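The opening residue of the sequence shown carries number 28 in the numbering used here; numbering runs sequentially from there. This report concerns only the one structure given below.
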Amino acid sequence: MKFKRIFMIVLDSLGVGETLDAANYKDSGANTLAHINENYDLFIPNLKKIGFMNTINMSVNKDTEAFYTIAKPTNPGKDSLSGHYELFGVKNTIPFKTFNEGFPIEILSSIEQVSGRKILGNKSCNNPDEIINELGDRQISYGALIVFTSADSDLQIAAHEDTIPIETLHEYCDRLNKISIENNWKIGRIIARPFTGTSGKYKLINSARQDYAVNPPELSVLDRLNKNNYNVIGIGKINDIFNKKGINKIIKASNNSEAMNKFIDIMDKNFTGLCVANLPDFDSLYGHTRDVEGYANAIEEFDVDVPIILNKLELDDLLIITADHGNDPTFPGGDHTRENVPVIMYSRNFKHPKRLEAFDTFANIGATIADNFQVELPTIGKSILDELE
Numbered sequence: 028m029k030f031k032r033i034f035m036i037v038l039d040s041l042g043v044g045e046t047l048d049a050a051n052y053k054d055s056g057a058n059t060l061a062h063i064n065e066n067y068d069l070f071i072p073n074l075k076k077i078g079f080m081n082t083i084n085m086s087v088n089k090d091t092e093a094f095y096t097i098a099k100p101t102n103p104g105k106d107s108l109s110g111h112y113e114l115f116g117v118k119n120t121i122p123f124k125t126f127n128e129g130f131p132i133e134i135l136s137s138i139e140q141v142s143g144r145k146i147l148g149n150k151s152c153n154n155p156d157e158i159i160n161e162l163g164d165r166q167i168s169y170g171a172l173i174v175f176t177s178a179d180s181d182l183q184i185a186a187h188e189d190t191i192p193i194e195t196l197h198e199y200c201d202r203l204n205k206i207s208i209e210n211n212w213k214i215g216r217i218i219a220r221p222f223t224g225t226s227g228k229y230k231l232i233n234s235a236r237q238d239y240a241v242n243p244p245e246l247s248v249l250d251r252l253n254k255n256n257y258n259v260i261g262i263g264k265i266n267d268i269f270n271k272k273g274i275n276k277i278i279k280a281s282n283n284s285e286a287m288n289k290f291i292d293i294m295d296k297n298f299t300g301l302c303v304a305n306l307p308d309f310d311s312l313y314g315h316t317r318d319v320e321g322y323a324n325a326i327e328e329f330d331v332d333v334p335i336i337l338n339k340l341e342l343d344d345l346l347i348i349t350a351d352h353g354n355d356p357t358f359p360g361g362d363h364t365r366e367n368v369p370v371i372m373y374s375r376n377f378k379h380p381k382r383l384e385a386f387d388t389f390a391n392i393g394a395t396i397a398d399n400f401q402v403e404l405p406t407i408g409k410s411i412l413d414e415l416e
């Protein structure tokens with residue numbers, strides 16, 4: 028075992044350039060990181076030291092303090108589940124569906140049959156606070172359900188806790204998830220979003236959010252680590268994406284700040300295994316809403332945390348920074364973009380960090396993690412553990 032602890036951060040949606048098949052997704056020319064930098068001139072000195080900006084065009088950085096490269100997606104689609112699956116060695120041949128134009132009558136009818144309630148909304152909305160305040164009064168008046176999606180593969184259902192008890196909303200979503208799987212709706216997650224408050228001041232109850240996801244189609248590296256009694260710590264929506272499979276310590280976090288605080292706390296713990304955190308704000312708050320400045324500020328805020336993280340690493344720790352797909356805020360619409368992702372690997376023990384050859388699949392990351400802990404390798408991906416010297 029080369030590394031006792033591996034820490035991994037997924038910068039949700041922070042892609043670094045179009046894939047070879049981007050035209051099939053109408054994403055030719057997409058480059059999340061490059062276009063943000065062109066419009067904002069990022070000040071991220073700490074990330075630059077570890078080769079982050081070099082991933083845009085794979086330029087050589089002789090002074091890099093980390094191994095760096097890009098990884099190309101092989102799973103179809105550009106949603107969070109397919110991207111995260113591939114990062115941890117899960118091959119997924121059928122992309123999940125998105126519903127930017129609203130859900131079809133088949134799905135709406137099932138929601139009404141399960142709940143016995145009318146539906147409001149049925150549209151794409153990247154800011155749940157907006158839709159609950161737009162439709163909250165009517166939801167309470169009619170005892171209806173607010174139905175929306177986030178441009179990812181999800182079906183979100185919101186209701187005021189005084190109108191529909193939280194437990195009842197959870198039950199609706201649990202039953203709908205089972206129906207979705209049975210009828211092959213190809214929806215990644217069905218999410219219960221209870222809210223509270225009064226007219227014009229409605230707020231989501233994030234602690235009562237509940238995600239009901241499909242199970243990965245095969246065992247992931249997380250499962251393999253768990254089966255071999257390694258710690259597998261998931262922070263944020265990692266747990267929802269894998270439907271808690273393979274994760275033996277679940278830590279909730281609803282935004283970048285909360286996820287990073289809990290991630291840094293875990294670094295003070297003595298364990299053997301993997302800790303992985305997803306930072307969702309890049310995608311949900313800024314990518315989908317096409318907020319270039321907000322996205323840039325979030326990257327700069329993350330840069331401030333980088334030296335804290337690096338200083339907390341032990342000599343036998345490995346840090347991996349990557350992403351799951353793109354979401355270019357300079358592109359039209361509000362959908363994800365089909366992009367390659369950055370890969371940064373840092374250890375205080377590295378003597379010759381450098382640029383690596385581009386990965387043919389995200390799964391090289393998962394294969395490297397599995398190889399380090401000497402567990403069964405995933406069905407896809409190639410370990411580069413021996414190159415990390």
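Here a beta-carbon is modelled for each residue, glycine too, at the ideal position from N, C-alpha and C. If you're wondering where the values come from, they're calculated on a predicted model, not measured in any experiment.
Which one of the options has the shortest CA to CA distance from residue i?
i           : options               : result
residue 188 : 206, 234, 39 and 203  : 234
residue 272 : 117, 236 and 368      : 117
residue 46  : 410, 407, 386 and 405 : 386
residue 51  : 377, 366, 208 and 149 : 366
residue 403 : 292, 282 and 248      : 248
residue 204 : 238, 194, 175 and 393 : 238
residue 200 : 309, 43 and 220       : 220
residue 362 : 154, 317 and 288      : 317
residue 359 : 192, 54, 94 and 401   : 54
residue 77  : 67, 68, 88 and 63     : 88
residue 256 : 165, 134, 384 and 298 : 298
residue 340 : 377, 407, 368 and 209 : 377
residue 491 : 153, 197 and 164      : With the chain covering only 28 through 416, there is no way to say anything about residue 491.
residue 15  : 64, 270 and 240       : The chain is shown only over 28 to 416; residue 15 falls outside these bounds and no answer can be derived.
residue 338 : 291, 68, 286 and 368  : 291
Work out the CA separation of residue j and residue i for me, nearest whole Å.
i           : j           : result
residue 119 : residue 243 : 8 Å
residue 125 : residue 177 : 9 Å
residue 315 : residue 84  : 24 Å
residue 222 : residue 231 : 4 Å
residue 121 : residue 49  : 17 Å
residue 329 : residue 86  : 22 Å
residue 30  : residue 410 : 14 Å
residue 379 : residue 357 : 36 Å
residue 217 : residue 320 : 30 Å
residue 202 : residue 267 : 17 Å
residue 139 : residue 325 : 39 Å
residue 110 : residue 335 : 27 Å
residue 175 : residue 44  : 29 Å
residue 394 : residue 80  : 25 Å
residue 213 : residue 106 : 12 Å
residue 295 : residue 281 : 21 Å
residue 276 : residue 253 : 10 Å
residue 95  : residue 384 : 9 Å
residue 211 : residue 245 : 17 Å
residue 135 : residue 123 : 18 Å
residue 289 : residue 236 : 19 Å
residue 311 : residue 154 : 8 Å
residue 406 : residue 279 : 29 Å
residue 382 : residue 127 : 38 Å
residue 165 : residue 286 : 34 Å
Going by DSSP, what residues sit across from residue i in a beta bridge?
i           : result
residue 300 : 32 and 258
residue 305 : 37
residue 289 : Beta-bridge pairing links residue 289 to no other residue.
residue 239 : 217
residue 344 : 32
residue 373 : 346
residue 151 : 176
residue 181 : 216
residue 382 : 95
residue 193 : Paired residues: none, contrary to the question.
Considering only their Cβ atoms, is the gap separating residue j from residue i smaller than 7 Å?
i           : j           : result
residue 350 : residue 41  : yes
residue 412 : residue 391 : no
residue 215 : residue 180 : yes
residue 73  : residue 370 : no
residue 71  : residue 327 : yes
residue 102 : residue 113 : yes
residue 309 : residue 38  : yes
residue 346 : residue 373 : yes
residue 190 : residue 167 : yes
residue 293 : residue 33  : no
residue 57  : residue 353 : yes
residue 389 : residue 185 : no
residue 355 : residue 82  : no
residue 63  : residue 240 : no
residue 145 : residue 169 : yes
residue 274 : residue 36  : no
residue 137 : residue 206 : yes
Just to check, is the beta-carbon of residue i closer than 6 Å to a non-hydrogen atom of the ligand MG?
i           : result
residue 272 : The ligand MG is not part of this structure, which contains no ligands at all.
Does the stretch 155 to 169 come close enough to the stretch 220 to 228 that 3 or more CB-CB pairs lie under 8 Å? yes
Contact between the stretch 291 to 307 and the stretch 252 to 261 (3+ Cβ pairs under 8 Å): yes
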